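As they're listed, the protein sequences go chains A and B. Each residue of the first sequence is one higher than the one before, starting from 1430 at the first, in the numbering used here. Each residue of the second sequence is one higher than the one before, starting from 36 at the first, in the numbering used here.
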Amino acid sequence: MIHFEGTIKRYGDHTILSGVDLKITQGEVVVIIGPSGSGKSTLLRCINGLERISGGDLKVDGISVLGSSAQLRQIRLEAGMVFQQFNLFPHLTALENVMFGPIRARGQSKVEAREIAAQLLDKVGLSNRQHHYPSQLSGGQQQRVAIARALAVQPKLILFDEPTSALDPELRHEVLKVMQALAAEGMTMVVVTHEIGFARTVGSRLLFMDGGKIAHDGPPVDLLSNPPSQRLQEFLQHIH
Amino acid sequence: MNFDWAAIPAALPDLLAGLQVTILISMSGLIAGLIIGALTGTALTYGRVLNALARGYVGLIRGTPIVVQVMFIYFALPMLADLRISGVNAAIITIALNSGAFFAEIVRGALQGIPNGLREAGLAMGLPFWRVLFYVLAPLAVRRAIPALGNQVISSIKDTAIFLVIGVAELTREGQAIMSANFKTVEIWSTVAVIYLLLISAVAGLLRLLERGTATP
């Protein structure tokens, strides 16, 4: 479903991704961890073309991110994204935020969009917050609306860019629960996070990134219980 | 001195005719200016090729007095391009071009102040950029910019007074004409000032309503 082929990303002289090879198949819940600056967010943002790759190739469902802008939009319709800072549209209510994608990206009618949006807000436990503006919601609630907004476009996979990093510890739980439910439904997910507990219990695969490369790739329980390298062991000690 | 109250009703019909011209020039010029400003401001913020053109235009307008601009359009342009423009049209064009440049800078500032994450959120849903601009960035920018846009609207309305230099029969020019016929200096200029004040107050009130009407929590 996602296929990195020697993917390189540079900013000027600075190499962020130095030749990544990676295949992610449908239904996987891939959790990416690693020290800051290791390239994990960049890796994620290359998948939907928010960062343009500098070398190699990267295909999503057979479409290259280097293709035409129409092809890139096709990829983005299939790969939803949830951001660290939520990025809800502040001038729209929760319901309108979720309706936005179906109407503006999928061209669905308002009536259809409203139905989809109401269902999804119910799914993330916010049916009683439909008419609240983002500024009137807690961080955890905003992030759940953002997940509903991503789902509303009916993507085949969702990219999560540190979805709980901007949240207080007691609010993380409600977001992680929604993500866990999504994983249980078989949604393909790529999650950049520091939540080791989530990686262990929900992840089907764990990637440890270091210095612009994937240093380890394997089942979360194995990597977390028996870190194969000093580097990973140190990293895990630091985040606990 | 004696304040001659009777001079005011005598002058009022001509002054109100002048007010109409002032309003006509302001409204037409500002509507065109807002369109120019929105397009130029967008080009300044996101444009690649058009960016240089937009910067040149804004630099030219900001770097020259509005009196020089209207003189150029009214007197110099006909000589350069064999193009006769009526006084009122020259005034409207001047307000449009002048306010457009200042609106453009306001629009640029407002667009640049919007967190980049909102643009990315729109793009990440598969929307083409122009749709993100139209449905997300522009509505947010307009809300942010209303106070500054309002200031420029008021400034431009008052700028129409300088069109007396090309003989356009707007409010200030009418006042001057009446004054030079009856020498009621204090009476006429007081009345002219009060009319401007009422006009600007009404516009300021409308702007405040607009600001309140578009506010989100």
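The beta carbon of each residue, even a glycine, is placed where N, CA and C say it ideally should be. Every value quoted in this text rests on a predicted model; they were computed, and no experiment measured them.
Item: Residues in the same chain with beta-carbon distance under 6 Å from B/G185, minus the five sequence neighbours each way, listed in chain order, please.; Value: L242
Item: With 8 Å set as the bound, which would you pick, yes or no: does the beta-carbon of B/G161 sit closer than that to a beta-carbon of chain A?; Value: yes
Item: Listed in chain order, which residues of the segment 169-199 of chain B have Cβ atoms closer than 8 Å to some Cβ of chain A?; Value: Y170, V171, P174, L175 and R178
Item: Please name the residues in the segment 1525-1536 of chain A whose beta-carbon is closer than 7 Å to at least one beta-carbon of chain B, in chain order.; Value: G1530, R1533 and A1534
Item: Counting only Cβ pairs nearer than 7 Å, list the residues of chain A close to B/E246.; Value: Those do not exist, as B/E246 stays about 14 Å from chain A at its closest Cβ, beyond 7 Å.
Item: From what residue to what residue does the alpha helix (DSSP H) around B/I201 run?; Value: Unbroken run through B/I201: none, as it is neither H nor E.
Item: What residue ranges within the segment 1582-1617 of chain A form continuous beta strand (DSSP E) runs of no fewer than 3 residues, ordered along the chain?; Value: 1586-1590
Item: DSSP state of A/T1622, grouped into three classes?; Value: coil
Item: Within 10 angstroms of the Cβ of B/R83, are there 16 or more other Cβ atoms? Answer buried if so, exposed if not.; Value: exposed
Item: Of all Cβ atoms in chain E, is any one closer than 8 Å to the Cβ of A/N1557?; Value: Absent from the structure is chain E; the protein chains it does hold are A and B.
Item: Got a sec: is the Cβ-Cβ distance from B/A73 to anything in chain A below 8 Å?; Value: no
Item: Which residues in chain B have a C-beta closer than 8 Å to the C-beta of A/V1582? List them in chain order.; Value: M160 and G161
Item: Under 8 Å between the Cβ atoms of A/M1510 and B/A159?; Value: yes
Item: Expressed to the nearest angstrom, what Euclidean distance is found between the alpha-carbon atoms of B/L232 and B/A173?; Value: 32 Å
Item: Does any CB atom of chain A fall closer than 8 Å to the CB of B/R166?; Value: yes
Item: Closer than 7 Å between beta carbons: that is the criterion. Which residues of the segment 143-155 of chain B meet it against chain A?; Value: G152, L153 and E155
Item: Would B/G68 and B/F138 qualify as a contact pair, given that the criterion is a beta-carbon distance under 8 Å?; Value: yes
Item: Spatial neighbours of A/P1563 within its chain, please: C-beta separation below 6 Å, excluding the five flanking residues on both sides.; Value: L1517, P1519 and Q1571
Item: Does A/H1443 come out as helix, strand or coil in the three-state DSSP assignment?; Value: strand
Item: Determine the DSSP secondary structure at A/A1534, reduced to helix, strand or coil.; Value: helix
Item: Near A/E1434, what residues of its chain come up, given a Cβ to Cβ distance below 6 Å and the 5 sequence neighbours on each side ignored?; Value: G1485 and D1486
Item: At the 8 Å Cβ level, is A/S1564 part of the contact set with chain B, yes or no?; Value: yes
Item: Suppose the cutoff is 6 Å on Cβ atoms and the five residues either side in sequence are ignored; what does the same chain contact list for B/T33 look like?; Value: Here chain B has residues from 36 to 252 only, and residue 33 of chain B is not among them.
Item: A/A1546: which of A/Q1559, A/G1615 and A/L1605 sits nearest, CA to CA?; Value: A/Q1559
Item: Below 8 Å on the Cβ atoms is my guess for A/G1569 versus A/E1603; work out the distance and round it to an integer in Å.; Value: 5 Å
Item: How about B/T251: is its C-beta nearer than 8 Å to some C-beta of chain A?; Value: yes
Item: Using CA atoms only, rank isn't needed, just tell me which of B/R179, B/A131, B/R97 and B/V188 is closest to B/E246.; Value: B/R179
Item: Have a look at B/K193, B/P163, B/A212 and B/A136 and flag the residue whose alpha-carbon is nearest the alpha-carbon of A/L1479.; Value: B/P163
Item: Listing by chain order, which chain B residues have their CB less than 7 Å from the CB of A/F1589?; Value: Chain B residues near A/F1589: none, gap ~12 Å exceeds 7 Å.
Item: What three-state label does DSSP hand A/R1481 in the structure shown?; Value: coil
Item: Just how far apart, CA to CA, sit A/P1531 and B/S236?; Value: 44 Å
Item: Measuring CB to CB, does A/V1449 end up less than 8 Å from A/G1632?; Value: no
Item: In chain B, which residues lie less than 8 Å from A/L1506 when you measure between Cβ atoms?; Value: M160 and G161
Item: Check whether the segment 1533-1543 of chain A and the segment 1620-1636 of chain A are in contact - that is, three or more C-beta pairs closer than 8 Å.; Value: no
Item: Grab the span of the alpha helix (DSSP H) containing A/G1509 for me, first residue to last.; Value: A/G1509 -> not in any alpha helix (DSSP H); beta strand (DSSP E) instead, spanning A1508 to V1511.
Item: When the Cβ atoms of the segment 137-157 of chain B are set against those of the segment 100-110 of chain B, are three or more pairs found closer than 8 Å?; Value: no
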